[in-house]
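In the working numbering, the protein residues as written are 2 to 252. Cβ atoms here follow ideal geometry from the backbone N, Cα and C, with glycine treated the same way. See structure below.
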């Protein structure tokens, strides 16, 4: 069985002329970064594409890629082989995967490569939006919201961009899936340097004391608490004990 640390992941994002794909919209940018051993390797695939159609004004407002900028850029058929070789055999990590996968499948179909027109037959696909909804039900789970929740700096993201978004998503994915490895509280500092072979101190209970007044945290304090937990989780490589006890596990 392949060890998790040896698995190859490709974090992928696309930008398009608009949506939906069924109305003839096309991919205009693809950005991918490679992760092996839970580390970014530095290898990436990035390209802008000539879609042979105009982009919707709403889409340009999101990604800032104008029709004039795309003049002279390669068409998908010119980069299809290089793109497929980069992602083949990896696990694709995509935020709202149905959107990007639908467009990728359509691009392969348009150039007659029907054997690649269902990319899930070549690459397992992991949707971080579905993961986030399971882990954080009822909360905002956009890429920006997840960056804030996990303490990831996205201050440079004024507009959507496929390569930048794939890099941010890589950090989000690693934060969401990291195991608890560096935070240990139980028994630490007792009975020797490693804390082994020593029982904890006896618990002393205080009786005959009036109950204290309950003061609920404010919304700002709760937000600061969540950000602190996210920072601890990132530093430790996984959710804190508090998060593990209070938040549902991803399905």
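Using the Cα positions of residue i and residue j, report the straight-line distance between them to the nearest angstrom.
i, j, result
"residue 132", "residue 95", "11 Å"
"residue 53", "residue 220", "49 Å"
"residue 67", "residue 51", "11 Å"
"residue 77", "residue 112", "8 Å"
"residue 180", "residue 70", "The predicted model places residue 180 with a pLDDT of 48, which falls under 50 and marks its position as unreliable, so this point remains unresolved."
"residue 25", "residue 48", "20 Å"
"residue 201", "residue 43", "No answer about residue 201 holds up, because its pLDDT of 39 lies below 50 and its placement is not dependable."
"residue 143", "residue 129", "10 Å"
"residue 124", "residue 175", "19 Å"
"residue 93", "residue 83", "16 Å"
"residue 108", "residue 75", "13 Å"
"residue 106", "residue 218", "48 Å"
"residue 110", "residue 117", "8 Å"
"residue 154", "residue 148", "7 Å"
"residue 85", "residue 151", "31 Å"
"residue 55", "residue 62", "13 Å"
"residue 162", "residue 7", "28 Å"
"residue 79", "residue 226", "49 Å"
"residue 157", "residue 138", "27 Å"
"residue 115", "residue 57", "28 Å"
"residue 173", "residue 146", "10 Å"
"residue 60", "residue 169", "20 Å"
"residue 136", "residue 89", "29 Å"
"residue 39", "residue 134", "22 Å"
Looking only at DSSP bridge pairs, what is residue i linked to?
i, result
"residue 116", "Partner(s): none; residue 116 has no beta bridge."
"residue 47", "32"
"residue 37", "9, 40"
"residue 15", "31"
"residue 128", "95"
What do you get for residue i, buried or exposed, if any count of 16 or more other CB atoms within 10 angstroms of its CB means buried?
i, result
"residue 119", "exposed"
"residue 178", "buried"
"residue 223", "exposed"
"residue 19", "buried"
"residue 208", "Any reading at residue 208 must be qualified, since the residue scores a pLDDT of 49, below 50, and its modelled position is unreliable; the value itself is stated next. Exposed, because fewer than 16 other Cβ atoms sit within 10 Å of the Cβ of residue 208."
"residue 91", "buried"
"residue 16", "buried"
"residue 141", "exposed"
"residue 203", "The predicted model places residue 203 with a pLDDT of 45, which falls under 50 and marks its position as unreliable; any figure quoted below should be read in that light. Under this definition residue 203 is an exposed residue."
Cβ atoms of residue j and residue i: under 7 Å apart, would you say?
i, j, result
"residue 160", "residue 64", "yes"
"residue 126", "residue 98", "yes"
"residue 104", "residue 31", "no"
"residue 22", "residue 167", "no"
"residue 46", "residue 87", "yes"
"residue 171", "residue 36", "yes"
Report the CB separation of residue i from residue j in whole angstroms; it is logged as a contact under 8 Å.
i, j, result
"residue 101", "residue 13", "6 Å"
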